[in-house]
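Chemist:
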Amino acid sequence: MKEHLVDANSSDISVTSKKIKSTSPSVILMSLIGGIACGYFFPEFSVTLKPIGDAFIKMIKMIIVPLVFSILVIGIAGTGDFKKMSRLGGKALLWFTFASTIALIIGLVLANVLQPGSGVALMQVAPPEGAASAAKFRSTTELLLSIIPTNIFEALSTANLLQVVFFSCFFGVATAALKERGKPILDFLTAVSEAMFNVTHYVMKVTPFGIFAFMGWSVGKYGLSLVIPLAKLIGTLYLGLVIFVVCILGLACFMLKINMIQVFRVIKEPLILSFSTCSSEAALPILMEKLLKFGVPKHIVSFVLPTGYSFNLDGAAIYKCMALMFIAQVSQIPIDISTQMMMIVAMMIMSKGSAGMPGMAFVQLSAGAAMFNLPMEGLFMIMGVDRLMDMGRTSVNLIGNAIATLIVARWEGELSEETIQQGYAKNYEE
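If you count by numbering that gives the first Met the number 0, then the sequence shown holds residues 0 to 429, one letter each, in order.
#1: Would you mind reading off the limits of the alpha helix (DSSP H) that contains L397?
#2: Between G399 and D313, is the Cβ-Cβ spacing less than 8 Å?
#3: With a CB to CB cut of under 6 Å and the five nearest residues on each side skipped, what residues in its chain are close to G307?
#4: If you count every other CB in all the chains shown that lies within 10 Å of the CB of C246, and 16 or more means buried, which is it?
#5: With distances taken between CB atoms, is the gap from P269 to K292 smaller than 8 Å?
#6: Measuring only the C-alpha atoms, how far is V364 from E417?
#7: Please report the straight-line C-alpha distance between S279 and F44, rounded to a whole angstrom.
#8: Let's see if you can read the secondary structure: which residues bound the alpha helix (DSSP H) around G249?
#9: Along the chain, where does the alpha helix (DSSP H) containing D313 start, and where does it finish?
#10: Under three-state DSSP, which class holds C277?
#11: DSSP three-state call for K178: helix, strand or coil?
#12: Beta-carbon within less than 6 Å of G422's beta-carbon, same chain only, minus the 5 sequence neighbours each way: which residues are those?
#13: Going by DSSP in three states, L291 sits in which element: helix, strand or coil?
#14: Name the residue from T149, V46 and A281 whose alpha carbon lies nearest to the alpha carbon of F55.
#15: Just checking my contact of S415 with F274 at CB under 8 Å: how many whole Å lie between their CB atoms?
#16: What first and last residue would you give for the alpha helix (DSSP H) that runs through F44?
#17: On the DSSP letters alone, give me the boundaries of the alpha helix (DSSP H) that S309 sits inside.
#18: Measuring CB to CB, does M84 end up less than 8 Å from C168?
#19: Taking Cβ to Cβ, would you say G38 is nearer than 8 Å to V218?
#20: Roughly how many whole angstroms lie between the Cα atoms of Q114 and I70?
#21: Excluding the 5 residues flanking N396 on each side, which residues of the same chain have their C-beta closer than 7 Å to its C-beta?
#22: Run through DSSP, which three-state label would E413 get?
#23: Please go through the segment 195–237 and give each complete beta strand (DSSP E) segment of 3 or more residues, from N-terminal end onward.
#24: What number of angstroms, rounded off, separates the C-alpha of V112 from the C-alpha of A327?
#25: In angstroms with no decimal places, state the Cα-to-Cα distance between G33 and P42.
#26: Check each candidate in F97, P183, I210 and G377 and name the one with the smallest Cα separation from V329.
#27: Give the secondary structure of Q420 by DSSP, where H, G and I count as helix, E and B as strand, and everything else as coil.
#28: Under 8 Å by Cβ, that's how I've got M195 and I62 pegged, so tell me the actual separation to the nearest angstrom.
#29: Our contact map puts I73 next to L185 with C-beta atoms below 8 Å; I'd like the distance itself, whole angstroms only.
#30: Is the separation between the beta-carbon of V107 and that of M370 shorter than 8 Å?
#31: What is the rounded straight-line gap between the Cα of G116 and the Cα of M380?
#32: Does the distance from the C-beta atom of T276 to that of F213 stay below 8 Å?
#33: Rounded to the nearest angstrom, how far is the Cβ of F166 from that of P148, given a contact under 8 Å?
#34: According to DSSP, is P269 part of a helix, a strand, or is it coil?
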């Protein structure tokens with residue numbers, strides 16, 4: 000369609016939202032360090048702080064669905080081109096598949112080279128909550144069908160982002176087809192998106208309290224007693240995360256003439272938030288705003304980011320094969336190369352569309368352990384320090400999706416070098 004109802008490339012946030020300053024990243028970092036200290040020196044008190052952290056996460060999550068729905072419909076109605084959105088989706092999924100496959104391979108290679116499970120005694124650890132449902136996972140057909148919502152209000156109420164994205168794409172195209180008659184819908188959703196960005200800023204005012212509570216609870220509950228025997232696994236995972244970010248994402252940024260250091264400066268606030276809360280969803284609203292201010296078109300941000308949260312979990316991908324190999328090494332079970340290749344395929348399939356489902360990391364790993372005849376005791380031992388590893392995984396998930404959004408925007412020719420330079424300048428002004 001040649002007639003557009005709105006400017007899809009406009010990334011301006013409302014004037015009212017600009018007046019509300021975000022919490023300084025230095026304050027957030029101080030809250031993180033303070034929470035760690037509180038958890039270490041006052042563990043009993045720190046455990047009681049969890050409700051504060053939970054309340055903060057709930058406030059963040061209440062923003063996600065209306066924000067994603069409104070700006071995605073606005074962006075798609077602005078393009079007025081379903082073929083363009085299909086092409087955008089194809090490019091996004093192509094990158095997601097490539098990045099996830101490389102991440103799985105990195106985890107597998109490091110597990111074979113560094114042998115994090117060798118010399119670790121198999122401990123009996125109580126299984127985490129929800130272990131009984133561990134064997135259930137969806138087939139590829141079930142996954143594809145689950146993307147289509149039978150009730151959009153149910154999808155909205157349960158915050159099923161894949162279903163929200165699916166419906167928003169069709170709704171956006173249908174709104175664009177109305178031309179002038181669809182303008183009231185676009186005006187309403189534009190006001191909704193601006194209001195939700197304001198709500199995001201209001202909630203971010205209490206970020207230091209939420210982060211302090213989460214870090215205090217984490218350290219107070221788990222302490223350092225379980226870390227020492229599993230320090231090699233934790234170190235191997237973080238090495239894999241660094242290799243992926245520097246070598247794979249760094250190379251992609253270099254080829255597309257994107258300064259990765261500048262990107263980190265742009266996303267530092269949502270990055271610290273995701274690390275401390277172990278929730279990339281909690282950082283989604285503020286990450287969307289940062290990328291919009293950077294100059295990425297609305298329809299790309301609102302489509303690629305929510306889709307990436309289900310299909311592009313790079314940090315989690317590095318962990319999965321590594322964790323299964325760790326269990327095998329601890330149990331002294333040899334795994335041949337062909338079986339390891341099957342691990343990559345199995346974990347790739349099981350990882351898609353699972354973001355946001357409670358305990359899904361345990362479900363996927365336990366399903367993998369059952370598939371390859373590995374003892375569950377090793378998995379329970381890993382889950383004892385999973386919180387420490389989840390911080391790194393979640394952070395890399397967020398970095399991967401932020402850079403994936405920039406990559407797709409550059410690939411589509413909708414993020415010029417001039418816009419990128421202006422985005423860097425805006426970041427310095429803030």
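Built from N, CA and C at the ideal position, the CB exists for glycine as well. Being a predicted model, the structure only gives us computed values, none of them experimental.
Modeler: Reading from the atomic positions:
#1: As a working note, residue 397 is residue 398 in the sequence shown. Looking at the DSSP string, the run of the alpha helix (DSSP H) that includes L397 is D385 to W410.
#2: What you label residue 399 is simply residue 400 of the sequence shown in a count that begins at 1. What you label residue 313 is simply residue 314 of the sequence shown in a count that begins at 1. In this structure, D313 lies closer than 8 Å to G399 by Cβ.
#3: Within the sequence shown, residue 307 is the residue found at index 308, counting from 1. Result list for G307: N400 and A403, in chain order.
#4: Position 247 of the sequence shown holds residue 246. Classification for C246: exposed.
#5: By 1-based counting over the sequence shown, the position of residue 269 is 270. By 1-based counting over the sequence shown, the position of residue 292 is 293. No, the pair does not count as a contact, with Cβ atoms beyond the cut-off.
#6: Numbered from its first residue, the sequence shown carries residue 364 at position 365. Numbered from its first residue, the sequence shown carries residue 417 at position 418. As written in the sequence, residue 364 is Leu, which differs from the Val given in the question. Spanning the two alpha carbons is a distance of roughly 44 Å.
#7: Here residue 279 refers to the residue found at position 280 of the sequence shown. Here residue 44 refers to the residue found at position 45 of the sequence shown. Each residue's CA atom was taken as its position, placing S279 and F44 some 26 Å apart.
#8: Numbered from 1 along the sequence shown, position 250 holds the residue referred to as residue 249. G249 to M254 is the extent of the alpha helix (DSSP H) around G249.
#9: As a working note, residue 313 is residue 314 in the sequence shown. Residues D313 to V329.
#10: In the sequence shown, the residue the question calls residue 277 occupies position 278. In the structure shown, C277 sits in coil (DSSP, three-state: anything other than H, G, I, E or B).
#11: As a working note, residue 178 is residue 179 in the sequence shown. Three-state DSSP puts K178 in a helix.
#12: On the sequence shown, residue 422 is found 423 positions in, with the first residue counted as 1. The beta carbon of G422 sits closer than 6 Å to those of F293 and G294, all from its chain and outside the five residues before and after it, given in chain order.
#13: The residue given as residue 291 occupies position 292 in the sequence shown. Collapsing the DSSP output to three states places L291 in a helix.
#14: Locating residue 55 in the sequence shown gives position 56, where the first residue counts as 1. Closest by alpha carbon: A281.
#15: Here residue 415 corresponds to residue number 416 of the sequence shown, with the count starting at 1. Here residue 274 corresponds to residue number 275 of the sequence shown, with the count starting at 1. At roughly 31 Å, the Cβ-Cβ gap does not stay under 8 Å, so S415 and F274 are not in contact.
#16: As a first step, residue 44 is located in the sequence shown; it is residue number 45 there, counting from the start. From DSSP, the alpha helix (DSSP H) with F44 extends over P42 to V46.
#17: On the sequence shown, residue 309 is found 310 positions in, with the first residue counted as 1. Counting along the chain, the alpha helix (DSSP H) containing S309 begins and ends at K297 to F310.
#18: Taking the first residue of the sequence shown as position 1, residue 84 is located at position 85. Taking the first residue of the sequence shown as position 1, residue 168 is located at position 169. Closer than 8 Å, so yes.
#19: Translated into the one-based positions of the sequence shown, residue 38 becomes position 39. Translated into the one-based positions of the sequence shown, residue 218 becomes position 219. Contact flag set, yes.
#20: Looking up residue 114 in the sequence shown gives position 115. Looking up residue 70 in the sequence shown gives position 71. Distance between the alpha carbons of Q114 and I70 is about 46 Å.
#21: As a position in the sequence shown, residue 396 is number 397, starting the count at 1. So the list reads S279, L312, D313, G314 and A315, once near-sequence residues are dropped.
#22: Taking the sequence shown and counting its residues from 1, the one referred to as residue 413 is at position 414. Three-state result, E413: coil.
#23: none
#24: Numbered from 1 along the sequence shown, position 113 holds the residue referred to as residue 112. Numbered from 1 along the sequence shown, position 328 holds the residue referred to as residue 327. Going by the C-alpha atoms only, they are around 14 Å apart.
#25: As a working note, residue 33 is residue 34 in the sequence shown. As a working note, residue 42 is residue 43 in the sequence shown. Looking at the two C-alpha atoms, the distance is approximately 13 Å.
#26: Residue numbering aside, residue 329 sits at position 330 when the sequence shown is read from its first letter. Nearest option by C-alpha distance: G377.
#27: Taking the first residue of the sequence shown as 1, we reach residue 420 at position 421. In the three-state DSSP reduction, Q420 falls in the helix class (H, G or I).
#28: Counted from its first residue, the sequence shown places residue 195 at position 196. Counted from its first residue, the sequence shown places residue 62 at position 63. The pair is a contact, with the Cβ atoms about 6 Å apart (cut-off 8 Å).
#29: Within the sequence shown, the letter at position 74 stands for residue 73. Within the sequence shown, the letter at position 186 stands for residue 185. The pair is a contact, with the Cβ atoms about 6 Å apart (cut-off 8 Å).
#30: Position 108 of the sequence shown, counted from the first residue, corresponds to residue 107. Position 371 of the sequence shown, counted from the first residue, corresponds to residue 370. It should be pointed out that residue 107 corresponds to Leu in this sequence rather than to Val. Not closer than 8 Å, so no.
#31: Along the sequence shown, one-based indexing puts residue 116 at 117. Along the sequence shown, one-based indexing puts residue 380 at 381. Each residue's Cα considered, the two are about 11 Å apart.
#32: On the sequence shown, position 277 is the one that residue 276 refers to. On the sequence shown, position 214 is the one that residue 213 refers to. In this structure, F213 lies closer than 8 Å to T276 by Cβ.
#33: For the purposes of this step, residue 166 is taken as residue 167 along the sequence shown, with counting starting at 1. For the purposes of this step, residue 148 is taken as residue 149 along the sequence shown, with counting starting at 1. Contact flag correct, Cβ pair sits at about 6 Å.
#34: Your numbering for residue 269 matches position 270 in the sequence shown. Helix at P269.
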